[in-house]
Amino acid sequence: MSFFRSLMGGGVPAVEVQQAAELQGDDGGALIIDVREPNEYTQIRAKGAVLLPLGRLNNRVRDLPR
Numbered sequence: 002m003s004f005f006r007s008l009m010g011g012g013v014p015a016v017e018v019q020q021a022a023e024l025q026g027d028d029g030g031a032l033i034i035d036v037r038e039p040n041e042y043t044q045i046r047a048k049g050a051v052l053l054p055l056g057r058l059n060n061r062v063r064d065l066p067r
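Right, dumping it as structure tokens:
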């Protein structure tokens, strides 16, 4: 998680799976970034998750909404 925080700054909270589901809620109030590879993402993913493989995260992190 520290790698991700270093990219996004200190404002990225660490949450457990249950907390993430609660934050996401029915209105999609939280952005869930799935850093797995596309073949893993297509098998199963969190509702509303955005695919951004870890290998591409460094180049695309600035494109993410804050």
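This note's numbering applies: residue 2 is where the sequence shown begins, and numbers increase by one. Beta carbons are placed, not taken as given, at the ideal position from N, Cα and C, and that holds for glycine. Predicted model, so just to flag it, every value in this text is computed and none were measured.
Check: Beta-carbon contacts of L55 that lie in its chain and below 7 Å, excluding the five residues immediately before and after; Outcome: V36
Check: L53, enclosing alpha helix (DSSP H) - first and last residue; Outcome: That residue, L53, is in no alpha helix (DSSP H); it is neither H nor E in DSSP.
Check: Contacting residues, own chain, Cβ-Cβ under 6 Å from A50 (five flanking each side not counted); Outcome: I33 and D35
Check: Chain-order list of residues whose beta-carbon lies under 8 Å from that of R61 (same chain, five-residue window excluded); Outcome: L53
Check: L24 versus A31 - alpha carbon distance; Outcome: 6 Å
Check: Start and end residues, alpha helix (DSSP H) containing E41; Outcome: P39 to Q44
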